[in-house]
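Going down the list, the sequences are from chains C and G.
Residues in the first sequence are numbered from 1 upward in steps of one, following UniProt numbering.
Residues in the second sequence are numbered from 1 upward in steps of one, following UniProt numbering.
Just so it is clear, CB atoms sit at the ideal spot from N, CA and C, and this is done for glycine as well.
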Amino acid sequence: MKTAGSVGMDRFRKQRTWRTTWEGIIPKLLLVCALVSVLTTLGIVFTLIVETARFFEEIPFVQFITGTEWTALFSGNQQKFGVLPLISGTLLVTAGAALVAIPLGLAAAIYLSEYAHDRVRRVLKPVLEILAGIPTVVYGFFAFTFVTPLLRGTFFPDMGPFNALSASIVVGIMIIPMIASLSEDAMSSVPRGIREAAYAMGSTRLEVALRVVVPAALSGIIASFVLGISRAIGETMIVTIAAGATPKLTFDPTDSIQTMTAYMVQAASGDISFGSTAYKSIYAVGMTLFVFTMIMNLLAQYISRRFKEEY
Amino acid sequence: MAEQAVQTKPAIRVENLDLYYGEKQALYNVSMDVAENSVTALIGPSGCGKSTFLRTLNRMNDLIPGVRIEGNIELYGKNIYDRDIDVEMLRKEVGMVFQAPNPFPKSIYDNVAYGPRIHGITSKKKLDEIVEKSLRQAALWDEVKDRLKDRATGLSGGQQQRLCIARALAVEPEIVLMDEPTSALDPISTSKIEELVQELKEKYTIVIVTHNMQQAARVSDKTAFFLNGELIEYDDTNTLFSNPGNKKTEDYITGRFG
Ligand SMILES: Nc1ncnc2c1ncn2[C@@H]1O[C@H](COP(=O)(O)OP(=O)(O)O)[C@@H](O)[C@H]1O
Ligand SMILES: [Mg+2]
């Protein structure tokens, strides 16, 4: 026997309409999109590993990692594959960039989070993020056509047109917005009550910033440094344009050097033959670079988890 | 009692105080004297201006953009809104404890030593002394003396609040302002802090905001009743609760509104 009530309940019975079908398809579609990027990444890592392994069939690993001469693009038996000069070039630029970017980035973050009025912050924060989006080739030409001549005209008259110094300064400038923005995020998530307590004891603004807020946000701040440094290690255009193409084991910033990334660009855009040792060396250097930036990123994650403040 | 109050010079004298948040007026013509070594309770429904008033006494309102003030506030005869006032030194003399415990994410020791350090004390021995003394004053020493290096954020809420009191006392203020210091705490921690307030009165002048009338009655010598930014009635706590002079006060303490 059908009652009015049970007729009404029919409305809730499952029906196959385009809406339910669509709902069933959507998650699968999204999964495919996610898989594409995961698979691409895996593919890249796989190629990297395979070609690197082939490279080490020809050049012993120890020779690669301890060799002090890199002349991969020379002809025939003059080729040497010691990666240390490329590593030192990378580290030289990275260290210089960190020296520029850490103090300035942190100062900018302190200004934004502790000193700037709301209105100023609301303008400056987006500007910083736009700066972070300038193509690095622009920074590269800035280094080559402005910073290097400036340095040569003032403090370093003997310096060549290609040098690690101007590249590291400009890589530093490039990562300032990133460090400032991430550090500012960390600092503004320090609760207001903690600042108030410090002010109520007679702290000046600077004391509140340096003795309370920065220590309280330290994990986030250090993570921003590490991520910035990781960016510097992987930076390519600026060093390719401004730092030179002479792999050299040196710690003199006024020298012309070559970084790992700049070598990869040079090799890949030159006419080396497919399958040659020089060709495979691109992958070996890429792998080395990958290991470096991976370590930095893991370090950043570790720091922000391990030292996360509970307020 | 009334005569005594006339004889001792007030620690705090507020005259015709108006305060505006931008266009909005939050305090209307408030005048009151607070005697030295006394506990004064500020009561009233929420939003009536108790915190605002309290924060004029150590100029914490300066940190809020757009706050404007008219009238006079004197501490020990000195107008604290004068041009030649060093706000940092003023806040050193007028300590503050907040509604929610707000220890720094540092060790227990470093929390208490923070104030003395920024005011120039560097000697380890002196700092040790201050830390112990302040923690004893805040009745926390016995509970934490073996773990001074531990993080303050690992303490219980009640312990954190007593730590905040110790931290405020460590810079040796004359006046201690407390803004609903027990509203986030359990009853046992609350009564510990109430006892503490009684003890601290020996050395400090205390102004305490509370929305709990029993608490006001238990801990204070004088009580001020605020309503809509006005000071409605200010009298000895016993008198105010047993024989209020104003109809509005009576309505509030008998629970007819608020
Ligand atoms: N920072 C502020 N800006 C604007 N108005 C405020 C601010 N702080 C408090 N007020 C207003 O001032 C009045 C008094 O607030 P408050 O002093 O916090 O009251 P109480 O502590 O008695 O609850 C309220 O109407 C509140 O909305
Ligand atoms: Mg309040």
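Worksheet item: What does V171(G) reach in chain C if we use C-beta pairs closer than 7 Å?
Response: Looking up residue 171(G) in the second sequence gives position 171. Ordered by position in chain C, the residues that pass the 7 Å Cβ test against V171(G) are M201, G202.
Worksheet entry | Residue-chain proximity (A168(G), chain C), Cβ-Cβ < 8 Å | Translated into positions along the second sequence, residue 168(G) becomes position 168. For A168(G), the answer is yes, since a Cβ of chain C falls inside 8 Å of its Cβ.
Fill in: Per-residue DSSP class, three states only, for R290(C)
Locating residue 290(C) in the first sequence gives position 290, where the first residue counts as 1. Note that residue 290(C) is Phe in the sequence shown, not Arg. Looking at F290(C) - three-state DSSP - the assignment turns out to be helix.
Discussion item. Starting from F226(G), trace the alpha helix (DSSP H) in both directions and tell me its first and last residue.
Written reply: Locating residue 226(G) in the second sequence gives position 226, counting from the first residue. It is not in any alpha helix (DSSP H) - F226(G) instead sits in the beta strand (DSSP E) that spans 222-227.
Worksheet item: Using the rule of at least 16 other Cβ atoms within 10 Å of the residue's Cβ for burial, across every protein chain shown, is T20(C) buried or exposed?
Response: Working through the first sequence from its first residue, we reach residue 20(C) at position 20. Exposed: under 16 other Cβ atoms inside 10 Å.
Worksheet item: For chain G, is any of its Cβ atoms less than 8 Å away from the one on R121(C)?
Response: Reading the first sequence from its first residue, position 121 is the one you call residue 121(C). It does not: the Cβ of R121(C) has no partner Cβ on chain G nearer than 8 Å.
Item to complete: Go ahead and pull the three-state DSSP assignment for S304(C).
Response: Here residue 304(C) corresponds to residue number 304 of the first sequence, with the count starting at 1. S304(C) falls in the helix class under three-state DSSP.
Worksheet item: Who are the Cβ neighbours of T94(C) in its own chain at under 7 Å, not counting the five residues just before and after it?
Response: Position 94 of the first sequence, counting from 1, holds the residue named residue 94(C). Contacts found: I229, A232, I233.
Item to complete: With a 10 Å radius around its C-beta and 16 neighbouring C-beta atoms as the bar for buried, classify Y302(C) as buried or exposed.
Response: The residue given as residue 302(C) occupies position 302 in the first sequence. Per the 10 Å Cβ criterion, exposed.
Discussion item. Given this structure, state the Cα-to-Cα distance separating V291(C) from T90(C), to the nearest angstrom.
Written reply: Along the first sequence, one-based indexing puts residue 291(C) at 291. Along the first sequence, one-based indexing puts residue 90(C) at 90. The straight-line gap from Cα to Cα measures roughly 13 Å.
Worksheet item: When DSSP builds the beta bridges, which residues end up paired with E235(C)?
Response: The count along the first sequence starts at 1 and reaches residue 235(C) at position 235. Partner(s): none; E235(C) has no beta bridge.
Item to complete: Determine the closest residue to G229(G) out of K24(G), N111(G), R167(G), with distance taken between C-alpha atoms.
Response: Taking the first residue of the second sequence as 1, we reach residue 229(G) at position 229. With distances taken between Cα atoms, G229(G) lies closest to K24(G).
Discussion item. Quick check on the DSSP output: the alpha helix (DSSP H) that includes I213(G) runs from which residue to which?
Written reply: Translated into positions along the second sequence, residue 213(G) becomes position 213. Before going on, a small fix: residue 213(G) reads as Met here, not Ile. That run of the alpha helix (DSSP H) goes 213-219.
Worksheet item: Within the 8 Å Cβ cut-off, does K24(G) reach chain C?
Response: Looking up residue 24(G) in the second sequence gives position 24. Chain C contact via Cβ: absent.
Worksheet item: Around the Cβ of S281(C), are there at least 16 other Cβ atoms within 10 angstroms (buried) or fewer (exposed)?
Response: As a position in the first sequence, residue 281(C) is number 281, starting the count at 1. Buried is the call here.
Discussion item. Ligand 2 and E180(G): does any heavy atom of the ligand fall closer than 7 Å to the residue's C-beta?
Written reply: One-based indexing of the second sequence puts residue 180(G) at position 180. Yes; taking the cut-off as 7 Å, the Cβ of E180(G) has a heavy atom of ligand 2 nearer than that.
Item to complete: Answer yes or no: do L155(G) and L163(G) have a C-beta to C-beta separation smaller than 8 Å?
Response: On the second sequence, position 155 is the one that residue 155(G) refers to. On the second sequence, position 163 is the one that residue 163(G) refers to. A contact, by the Cβ cut-off of 8 Å.
Worksheet item: Taking the Cβ atom as the reference point for each residue, do residue 346(C) and A242(C) lie within a distance shorter than 8 Å?
Response: Nothing about residue 346(C) can be read from this structure; chain C reaches only from 1 to 311.
Worksheet entry | Contact under 8 Å by Cβ, Q278(C) with A107(C) | On the first sequence, residue 278(C) is found 278 positions in, with the first residue counted as 1. On the first sequence, residue 107(C) is found 107 positions in, with the first residue counted as 1. The sequence given here has Ala at residue 278(C), not Gln. Cβ distance not < 8 Å, so A278(C) and A107(C) don't count as in contact.
Worksheet item: Nearest chain G C-beta to G220(C) closer than 8 Å, yes or no?
Response: For the purposes of this step, residue 220(C) is taken as residue 220 along the first sequence, with counting starting at 1. No, G220(C) lies away from the interface with chain G (no Cβ there is under 8 Å from its Cβ).
Item to complete: Determine, using beta carbons only, whether I11(G) and Y76(G) come nearer to each other than 8 Å.
Response: Within the second sequence, residue 11(G) is the residue found at index 11, counting from 1. Within the second sequence, residue 76(G) is the residue found at index 76, counting from 1. Note that residue 11(G) is Ala in the sequence shown here, rather than Ile. Cβ distance < 8 Å, so A11(G) and Y76(G) count as in contact.
Worksheet entry | Secondary structure of I257(C), DSSP reduced to three states | By one-based count along the first sequence, residue 257(C) stands at place 257. If DSSP states are grouped into helix, strand and coil, I257(C) belongs with coil.
Fill in: Beta-carbon separation (whole angstroms), R59(G) vs L90(G), contact threshold 8 Å
Walking along the second sequence from the start, residue 59(G) turns up at place 59. Walking along the second sequence from the start, residue 90(G) turns up at place 90. About 6 Å; that satisfies the 8 Å criterion.
Practice prompt. Starting from Y115(C), follow its DSSP beta bridges and name the residues at the other end.
Written response: For the purposes of this step, residue 115(C) is taken as the residue at position 115 of the first sequence. Y115(C) is not bridged to any residue.
Worksheet entry | Closer than 7 Å: Y204(G) CB and nearest ligand 1 heavy atom | Position 204 of the second sequence, counting from 1, holds the residue named residue 204(G). Checking every heavy atom of ligand 1 against the Cβ of Y204(G), none is found closer than 7 Å.
Practice prompt. Over the uninterrupted beta strand (DSSP E) stretch that includes V176(G), give me the two end residues.
Written response: By one-based count along the second sequence, residue 176(G) stands at place 176. Its beta strand (DSSP E) spans residues 175-179.
Item to complete: Give a yes or no on whether 8 Å exceeds the smallest Cβ distance from M178(G) to chain C.
Response: Here residue 178(G) is taken as the residue at index 178 of the second sequence, counted from 1. Answer no: the Cβ-Cβ gap between M178(G) and chain C never drops below 8 Å.
Worksheet item: When burial is assigned at 16 or more other CB atoms within 10 Å of the CB, is F155(C) buried or exposed?
Response: Against the first sequence, residue 155(C) aligns to sequence position 155. By the neighbour-count rule (16 or more Cβ atoms within 10 Å), F155(C) is not buried but exposed.
Fill in: beta-carbon V207(G) near ligand 2 non-hydrogen atom, thresh 7 Å
For the purposes of this step, residue 207(G) is identified with residue 207 of the second sequence, where counting begins at 1. False, no ligand heavy atom lies under 7 Å from that Cβ.
Worksheet item: Taking 7 Å as the cut-off, is the CB of A26(G) close to at least one heavy atom of ligand 1?
Response: One-based indexing of the second sequence puts residue 26(G) at position 26. Yes, the beta carbon of A26(G) sits closer than 7 Å to at least one heavy atom of ligand 1.
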